[in-house]
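*Asks:* Have a look at this one.
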C-alpha cells in the first residue's frame, strides 16, 4: 500500500513507466512472431512450388499433353466432373442437413438434442478412405437398381442416358458418398446459427399464433440465412476437394453427360489415381490440375468467409 | 370429428380465430396405421424389403397425416405437420449411412481383425497365398503392422512439426499480434484451412522433388503434407482457447512483476492447456485418416520401414486403399477386401480413441476456476 504512494519521487518523470526489456521477453516474442511468419512462408511455398512445377505444362507442346490437345482440353472434363459430383452432393445434402439441424435445434426433446448432435458429428470423424470402402462395397450395389430405373424411365434426359453401369460405380453414387461426408459440416454450422436465434423473436412469433413451422420460417431461417449459406459453401469446398471417396467409388473414364454410367473423373481423384505412377510432363500436368482445384476451392472458401464476416457485422444490431 | 357430437348450438358461425382440432392421439394412430400399410404395400409390390417398407410407411404417414390435418384443422396446420414429418425423416435418413458405415466396418472388419493381423506385415504375401487360403489349403496370412507403424511415425512427425508452429502462432496472434501482420496471418490461416488435402500432398511432393530429386517418396514428405493440413487446425483451436483465458490472470501476473513471457508460459498456457491439448488431439484424429496426401508423398510398400527419411512408407489409409483397389489376386479378391475392412476397423478404432482421449483431456484438465 505504501508503494502506491511512492511513484512521484522516482527518478523518471514519464507518465507511463516503461517495462524493462528482458532478453527472455525478446526471444519469446520473436519466436512467436517467427512461427506466424513461417505460416505465411509455407503458404507462399505451396503456391510457389505448385506454380513452378506446373509451368512446364503451359510451355509444352500441346500434343504432348494427355489427350494431345493442350492443357485446357485436358482439364475441362475434370473440372466438369468435379463440379458435377459436388453439385449432386449439395443437392442431396442441403435439405437433409437443414432438416437435421432443425430437428436438433427445435424439434428433438431438449434432453436428447445434445447427444443427437454428437451422433451427427461422429460422421465427420470417420476417415474418408473408410467412406470410400463403404461406398464401393456396400452402397454401390445397393443403389445400382435405382440408377437402372432412372436410365430406363428418364433416359431421355441427358443426365440419365443409359445404359446404367452394372456395378453402380457412377457419378451419382460418388455424389451420394460425398453428400454423406459434407452432411455433418452443413449440419453443424446451421445448427449453431439456429440455436443462436434470439428467443424473444421465437416467442413473439409463437405468441402471435404462428405454428412451429411458421415460427421457424419467420424467425429462425431469416436470422440464420447467412450462416446456412456459409455452411453450404464450406460443404461445397469440402466436396470439391474430397479425393478418396471419388477415386475409389467412381469407375473413371472420359467425359460423358450421363451421371448413371461409368465415366467422368474429378481433378482430385485424377491426381490420386495417376500421380503415384506418373513421370515427366504428366507429373507437371497433374500439378497444374491441382493448381486449378486450389483456385476453385479458394474462391468458394473466400466467398463463404466473406458471407460469415458480413454476418458478424450486422448480427451486432440484433 | 368431435364437432359432430357437439350440440348444434352454434351451427353456422365458425369463428376465424377458432379451428377444429384433431384429437391429440391422431398422430400416434396414423403412425401405427401407416406402418402397417407400409408393410402391406411393400409386400404387395414385388416382395417385402426393409427399404421399400420404410419409404412407403413414411410416404403413407406424411400423406395421411397432412391431408387429415388439412381437412380438419386447415392449411397452416397441415403445412406444419408436413414439415415436422420431413424434419424427423431427415434425421432418420442421416442415421442410415452412419449406422451402415459403422456396422459394415465392424461386421466385415472383425473377420480378419486379430493380434496376428496387427503384428505381421505384407512382405512376401502374394495372390497365391490368398487363393490357397480361399481353398482352405493354407491359413490366411498378411497383416497391417507396417502400415500401423507408418501411420504412427508419419502422424507423430506431423505432430512434432505442427504443434510448436501452431501453438506459437496462436500465442503470437492472441498475446502479441497487432496490426497488419496479425491480420494477414489470421486471413491466411483461414485460406490454409480450405486447402484440399490432395493439393497439400502435391505441395510436399513438389517440394521434395525440387530438393531431393524427382520421385522422392518417404515418410517425412508425408509428414510435411499432413503438417500443412494440421497447422491451421492447431492454430484455430489453440487461439480460441487462449482467448478465453481471463485477462485478470494476466494482469495479476504483471502486477506481481512477472515478465510477459513468463506470464504466458506459466499462467496463460497452463490455464488453457486442457483445451489446447484436446484441440491438438482432435487435429491428430483429423489427419490420421488422410489418405490422398500420403499416396502421393509416402507411396506404398509391403515391407516394414521404420525410417521415415528414406524409402517408401505404408500408412493405414493407403493400406486400405491399395487392398481395396488393387487386390493381390485378381481372381480371388476376397482376402484382400477382408484385409481392407480390418484395416479400416483399426483406423476407426484409432480415430475414435483419439476423440475419446480429447474429450477426457478436456474434462480432466479443465481450467481450475474458482479456486
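Chains as they are written, first to last, in full-length UniProt numbering: chain A, 1 to 318; chain B, 1 to 371. No residue lacks a Cβ here, since even glycine has one placed at the ideal position from N, Cα and C.
#1: Shorter than 8 Å from the beta carbon of residue 133 of chain A to some beta carbon of chain B?
#2: Assuming residue 318 of chain B and residue 291 of chain B form a contact by the criterion Cβ under 8 Å, report the distance between their Cβ atoms to the nearest whole angstrom.
#3: Starting from the beta carbon of residue 107 of chain A, find every residue of chain B whose beta carbon is closer than 9 Å, and list them in chain order.
#4: Quick one: measure Cβ to Cβ for residue 125 of chain B and residue 141 of chain B, integer angstroms, because I've assumed they're closer than 8 Å.
#5: So what's residue 303 of chain B in DSSP terms, helix, strand or just coil?
#6: Within the 8 Å Cβ cut-off, does residue 35 of chain A reach chain B?
#7: Cβ of residue 185 of chain B less than 8 Å from any chain A Cβ?
#8: Of all the residues that make up the stretch 53 to 86 of chain B, which are near chain A by a beta-carbon distance shorter than 9 Å?
#9: Determine, for residue 162 of chain B, whether the minimum Cβ-Cβ distance to residues of chain A falls below 8 Å.
#10: With a threshold of 8 Å between beta carbons, is residue 287 of chain A in contact with chain B?
#11: Report all residues from its chain with a CB closer than 6 Å to the CB of residue 70 of chain B; omit the five preceding and five following residues, and keep chain order.
#12: Would you identify the three-state DSSP class for residue 302 of chain A, choosing helix, strand or coil?
#13: Give me, in chain order, the residues of the same chain whose beta-carbon lies closer than 6 Å to that of residue 8 of chain A; leave out the 5 immediate sequence neighbours on both sides.
#14: Would you give the residue range spanned by the alpha helix (DSSP H) that residue 104 of chain B belongs to?
#15: Spatial neighbours of residue 273 of chain B within its chain, please: C-beta separation below 8 Å, excluding the five flanking residues on both sides.
#16: Would you call residue 24 of chain A buried or exposed, if buried means 16 or more other Cβ atoms sit within 10 Å of its Cβ?
#17: Enumerate in chain order the residues of its own chain whose CB-to-CB distance from residue 202 of chain A is below 8 Å, with the five nearest sequence positions on each side excluded.
#18: What's the gap between the Cα of residue 277 of chain A and the Cα of residue 126 of chain A?
#19: For residue 234 of chain B, does the count of other Cβ atoms within 10 angstroms reach 16, so buried, or fall short, so exposed?
#20: For residue 238 of chain B, is the classification buried or exposed, using 16 other Cβ atoms within 10 angstroms of its Cβ as the cut-off for buried?
#21: Along chain B, which residues have their Cβ under 9 Å away from the Cβ of residue 297 of chain A?
#22: Using a 10 Å radius around the Cβ and a threshold of 16 neighbouring Cβ atoms, would you call residue 149 of chain A buried or exposed?
#23: Any beta carbon of chain A sitting closer than 8 Å to that of residue 351 of chain B?
#24: Is there at least one Cβ from chain A nearer than 8 Å to residue 117 of chain B's Cβ?
#25: When the cut-off is 8 Å and only beta carbons count, does residue 347 of chain B lie next to chain A?
#26: Our contact map puts residue 235 of chain A next to residue 185 of chain A with C-beta atoms below 8 Å; I'd like the distance itself, whole angstroms only.
#27: By the 7 Å beta-carbon criterion, what residues does the stretch 281 to 296 of chain B contribute toward chain A?
#28: Considering only C-alpha positions, which residue in the set B:356, B:327, B:240 and B:255 is nearest to residue 285 of chain B?
#29: In chain B, which residues lie less than 7 Å from residue 237 of chain A when you measure between Cβ atoms?
#30: Residues of chain A with CB closer than 9 Å to the CB of residue 335 of chain B, please, in chain order.
#31: Determine, using beta-carbon pairs with one atom in the stretch 140 to 159 of chain A and one in the stretch 129 to 136 of chain B, whether at least three such pairs fall under 8 Å.
#32: I want to know whether the stretch 300 to 320 of chain B touches the stretch 238 to 251 of chain B - three or more CB-CB distances under 8 Å.
#33: Going along the chain, which residues of the stretch 20 to 33 of chain A sit with their C-beta nearer than 7 Å to a C-beta in chain B?
#34: Helix, strand or coil for residue 238 of chain B? Go by DSSP, reduced to three states.
#35: Starting from the C-beta of residue 298 of chain A, find all residues in its chain whose C-beta is less than 6 Å away, skip the five residues before and the five after it, and write them out in chain order.
#36: Of the residues A:59, A:167, A:190 and A:78, which one's Cα is nearest the Cα of residue 231 of chain A?
*Replies:* The relevant details are as follows:
#1: The residue you call residue 133 of chain A lines up with position 133 of the first chain. For residue 133 of chain A, the answer is yes, since a Cβ of chain B falls inside 8 Å of its Cβ.
#2: As a first step, residue 318 of chain B must be located in the second chain, where it is residue number 318. As a first step, residue 291 of chain B must be located in the second chain, where it is residue number 291. Rounded, the Cβ-Cβ distance is 6 Å, consistent with contact.
#3: Taking the first residue of the first chain as 1, we reach residue 107 of chain A at position 107. The answer, in chain order, is 84, 87, 88 and 91.
#4: The residue labelled residue 125 of chain B in the question sits at position 125 within the second chain. The residue labelled residue 141 of chain B in the question sits at position 141 within the second chain. 6 Å between Cβ atoms; contact.
#5: The residue given as residue 303 of chain B occupies position 303 in the second chain. Of the three classes helix, strand and coil, the one that applies to residue 303 of chain B here is coil, per DSSP.
#6: As a position in the first chain, residue 35 of chain A is number 35, starting the count at 1. Closer than 8 Å: yes.
#7: Your numbering for residue 185 of chain B matches position 185 in the second chain. It does: the Cβ of residue 185 of chain B has a partner Cβ on chain A nearer than 8 Å.
#8: 76, 77, 79, 80, 81, 82, 83, 84 and 86
#9: Mapped onto the second chain, residue 162 of chain B falls at position 162. No - not a single Cβ of chain A is within 8 Å of the one on residue 162 of chain B.
#10: For the purposes of this step, residue 287 of chain A is identified with residue 287 of the first chain, where counting begins at 1. True, the Cβ-Cβ gap to chain B drops below 8 Å.
#11: What you label residue 70 of chain B is simply residue 70 of the second chain in a count that begins at 1. Cβ neighbours of residue 70 of chain B beyond the five flanking positions: 78.
#12: Position 302 of the first chain holds residue 302 of chain A. If DSSP states are grouped into helix, strand and coil, residue 302 of chain A belongs with the helices.
#13: Here the question's residue 8 of chain A lines up with position 8 in the first chain. Note that residue 8 of chain A has pLDDT 48, beneath the 50 cutoff, so the model's placement of it is unreliable and the number below is only indicative. No residues qualify anywhere along the chain.
#14: Reading the second chain from its first residue, position 104 is the one you call residue 104 of chain B. Here the alpha helix (DSSP H) through residue 104 of chain B covers 75 to 110.
#15: By one-based count along the second chain, residue 273 of chain B stands at place 273. Same-chain partners within the cutoff: 365.
#16: Position 24 of the first chain, counted from the start, is the residue given in the question as residue 24 of chain A. It is exposed - the Cβ of residue 24 of chain A has fewer than 16 other Cβ atoms within 10 Å.
#17: As a working mapping, residue 202 of chain A is identified with position 202 in the first chain. Counting only Cβ-Cβ distances below 8 Å, and skipping sequence neighbours, we find 215, 219 and 220.
#18: Start at 1 with the first residue of the first chain, and residue 277 of chain A comes out as number 277. Start at 1 with the first residue of the first chain, and residue 126 of chain A comes out as number 126. Each residue's alpha carbon lies about 28 Å from the other.
#19: Position 234 of the second chain, counting from 1, holds the residue named residue 234 of chain B. So residue 234 of chain B ends up on the buried side.
#20: Position 238 of the second chain, counting from 1, holds the residue named residue 238 of chain B. Classification for residue 238 of chain B: buried.
#21: Indexing the first chain from 1 puts residue 297 of chain A at position 297. 194, 195, 196 and 199, listed in chain order.
#22: The count along the first chain starts at 1 and reaches residue 149 of chain A at position 149. Classification for residue 149 of chain A: exposed.
#23: Taking the second chain and counting its residues from 1, one reaches residue 351 of chain B at position 351. Interface residue, yes.
#24: Counting from 1 along the second chain, the entry for residue 117 of chain B is found at position 117. With 8 Å as the cut-off, residue 117 of chain B does not count as an interface residue toward chain A.
#25: Translated into positions along the second chain, residue 347 of chain B becomes position 347. Interface residue, yes.
#26: In the first chain, counting from the first residue as 1, residue 235 of chain A sits at position 235. In the first chain, counting from the first residue as 1, residue 185 of chain A sits at position 185. With a Cβ gap of about 5 Å, residue 235 of chain A and residue 185 of chain A count as contacting.
#27: 285, 289, 291, 292, 295 and 296
#28: Against the second chain, residue 285 of chain B aligns to sequence position 285. Of B:356, B:327, B:240 and B:255, the residue nearest in Cα terms is B:356.
#29: Walking along the first chain from the start, residue 237 of chain A turns up at place 237. Within 7 Å Cβ-Cβ: 194.
#30: For the purposes of this step, residue 335 of chain B is taken as residue 335 along the second chain, with counting starting at 1. What residue 335 of chain B touches in chain A: nothing, since even the nearest Cβ is about 14 Å away.
#31: no
#32: no
#33: 22, 24, 25, 28, 29, 31, 32 and 33
#34: Counting from one through the second chain, the residue named residue 238 of chain B turns up at place 238. The answer is helix: DSSP assigns residue 238 of chain B an H, G or I state.
#35: Translated into positions along the first chain, residue 298 of chain A becomes position 298. None.
#36: Within the first chain, residue 231 of chain A is the residue found at index 231, counting from 1. Nearest option by C-alpha distance: A:190.
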